[in-house]
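In the numbering used here, the protein residues as written are 678 to 846.
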């Protein structure tokens with residue numbers, strides 16, 4: 678019988694916000710229990726990114742099992758347009774839609790909000806959840822993902838509904 682595997686990756690959580698990792702001032706009993714009974718990557722470091730948003734490159738590196746400079750991707754233009762509060766930034770690897778919230782000037786003389794094109798990349802690297810899927814596991818993704826359903830399906834065989842746009846996308 679295969680063991681159940683739960684992999685949690687919180688790209689917006691600081692390393693010092695988990696009691697089991699040494700923070701005596703915070704209570705995280707459920708996560709602490711998972712740390713005690715499982716494997717925890719501590720210390721874990723972000724290699725960095727090409728822009729200020731390190732969450733997307735971190736997810737790309739983690740899913741593809743490759744370092745930032747070895748991620749194999751192709752940037753493609755989509756015919757769809759994102760919400761007006763998002764703007765295109767730097768090239769983002771592995772199927773993640775690019776777009777970062779940007780403060781907009783307001784008041785007299787401010788430009789009108791307009792939608793910006795969303796860009797995607799096609800992943801050519803196999804993800805480790807896809808490897809698990811071939812081994813008979815049912816994998817799924819849940820949470821805030823700036824992906825298209827096609828790119829998420831590379832790593833998720835079990836999801837019936839996917840949140841692919843993030844907030845207000």
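C-beta: ideal position from N, C-alpha, C; glycine also.
Identity of the residue in the options nearest residue i by Cα
i: residue 805; options: 706, 746, 739, 745; result: 739
i: residue 693; options: 741, 718, 816, 683; result: 718
i: residue 714; options: 684, 703, 816, 833; result: 684
Own chain residues within Cβ distance below 6 Å of residue i, not counting five before or after
i: residue 708; result: 695
i: residue 833; result: 816, 817, 818
Contacts around residue i, its chain only, beta-carbon distance under 8 Å, and the 5 residues preceding and following it disregarded
i: residue 691; result: none
i: residue 747; result: none
8 Å Cβ cutoff, residue i in contact with chain D
i: residue 738; result: Looking for chain D here will not work: only one protein chain is present.
Presumed contact (8 Å Cβ cut-off) between residue i and residue j, rounded CB distance
i: residue 743; j: residue 802; result: 6 Å
i: residue 679; j: residue 814; result: 7 Å
Inter-residue Cα distance where the pair is residue i and residue j
i: residue 681; j: residue 706; result: 20 Å
i: residue 716; j: residue 686; result: 13 Å
i: residue 712; j: residue 701; result: 15 Å
i: residue 810; j: residue 745; result: 24 Å
i: residue 817; j: residue 807; result: 10 Å
i: residue 778; j: residue 698; result: In this prediction, residue 778 has a pLDDT of 40, which is less than 50 and means its spatial position is unreliable; nothing more can be read from the coordinates.
i: residue 758; j: residue 710; result: Any reading at residue 758 needs caution, since the residue's pLDDT is 41, under 50, leaving its predicted position unreliable; the model's value is listed next. Whole-angstrom Cα-Cα distance: 43 Å.
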